[in-house]
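Colleague:
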Amino acid sequence: MESTQKPHRAMLSISNPWNRVLTGTILFTQPQNWRVEPRRVQFTLSPHQKAQFPIQMQLPVSETAGYKSLWARVELMPDRQYVIELAAPMEVGMKGLKFDATLSLEPDTATGRMDLIVKQTIVNISDKPVSLFCYASLPGFPRQERLVTELEPGKPALRRFRFSNALGFLETNQLRTGVREVGGPAILNKTLTKRDLDQASAQP
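In the numbering used here, the protein residues as written are 167 to 370.
1) Let me know if Gly190 comes out buried or exposed under the rule of 16 or more other beta-carbons within 10 Å of its beta-carbon.
2) Pairs of beta-carbons, one from the stretch 273-280 and one from the stretch 220-232, closer than 8 Å: are there three or more?
3) Taking DSSP's pairing of strands, which residues face Phe209 in a bridge?
4) Would Pro244 and Trp184 be called neighbours here (beta carbons separated by less than 9 Å)?
5) For the putative contact between Arg239 and Val249, defined by C-beta atoms under 8 Å, what is the C-beta separation to the nearest angstrom?
6) Taking just the CA atoms, how far does Pro213 sit from Ile353?
7) Given Leu178, which residues of its chain have a CB within under 8 Å of its CB, disregarding the five upstream and five downstream residues?
8) Look up Leu363 in the DSSP assignment and say whether it is helix, strand or coil.
9) Determine the DSSP secondary structure at Phe335, reduced to helix, strand or coil.
10) Roughly how many angstroms separate the alpha carbons of Lys360 and Gln340, rounded to a whole number?
11) Given a cut-off of 9 Å on the beta-carbon distance, is the pair Phe265 and Gly344 in contact?
12) Can you give me the C-alpha to C-alpha distance between His174 and Asp274, rounded to a whole angstrom?
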């Protein structure tokens, strides 16, 4: 699924395999911060009938990239009530773009303290140039932004952010980083935590 502020339209398909009328309700329950319309779908199907219902999903601007699941509670009443929990897996990302971000520590030669370093790796895998706003944000520090201008197809870009003496802040806060399409609706976020730093430090 494209990580964009535009609504995503989809079709919900339901079929009745029984030889009796099927009545039911589908309630989309998770993720709670997604806007799903309609949130509840009621249906009545004749024996062996199939039907489709249009739905619309909109992601919050803070949604992070990665694998997600759209959960639904399904109540079926062919002859008695059945309740089922179903999940539809999907991946949130930005079409035509590969993005990753890592955390590391680097000593500040002036203060002797350890600084947090965020490294973004961006690759344009589309067939046209792309311009992006890049950012990194940690509570207690000013938001940092960089610009990638007209990144050509197939080309990589690296962006680096430094947070001075910030290791202690990472103990109780999450660091957010990502990119936003210049002049477009697409936005891609990633959350980094102390665990990501520990895992990176443990690698040879």
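Positions of the beta carbon are idealized from the N, C-alpha and C atoms, including for glycine.
Modeller: Taking the geometry as given:
1) Position 24 of the sequence shown holds residue 190. Answer is buried; the Cβ neighbour count reaches 16.
2) no
3) Taking the first residue of the sequence shown as position 1, residue 209 is located at position 43. According to DSSP, which records beta bridges pairwise, Phe209 is partnered with Gly190.
4) For this step, residue 244 is matched to residue 78 along the sequence shown. For this step, residue 184 is matched to residue 18 along the sequence shown. Closer than 9 Å, so yes.
5) Translated into positions along the sequence shown, residue 239 becomes position 73. Translated into positions along the sequence shown, residue 249 becomes position 83. The Cβ separation is near 7 Å, so the contact holds.
6) What you label residue 353 is simply residue 187 of the sequence shown in a count that begins at 1. What you label residue 213 is simply residue 47 of the sequence shown in a count that begins at 1. Each residue's alpha carbon lies about 44 Å from the other.
7) Taking the sequence shown and counting its residues from 1, one reaches residue 178 at position 12. Hits under 8 Å: Ile192, Val207, Gln218, Phe219, Pro220 and Ile221.
8) In the sequence shown, the residue the question calls residue 363 occupies position 197. Note: Leu363 maps to helix in three-state DSSP.
9) In the sequence shown, the residue the question calls residue 335 occupies position 169. Three-state DSSP puts Phe335 in a helix.
10) Position 194 of the sequence shown, counting from 1, holds the residue named residue 360. Position 174 of the sequence shown, counting from 1, holds the residue named residue 340. Roughly 8 Å between the two C-alpha positions.
11) Position 99 of the sequence shown, counted from the first residue, corresponds to residue 265. Position 178 of the sequence shown, counted from the first residue, corresponds to residue 344. Result yes, Cβ atoms of Phe265 and Gly344 sit closer than 9 Å.
12) In the sequence shown, residue 174 corresponds to position 8, counting from 1. In the sequence shown, residue 274 corresponds to position 108, counting from 1. Answer to the nearest angstrom: the Cα atoms are 45 Å apart.
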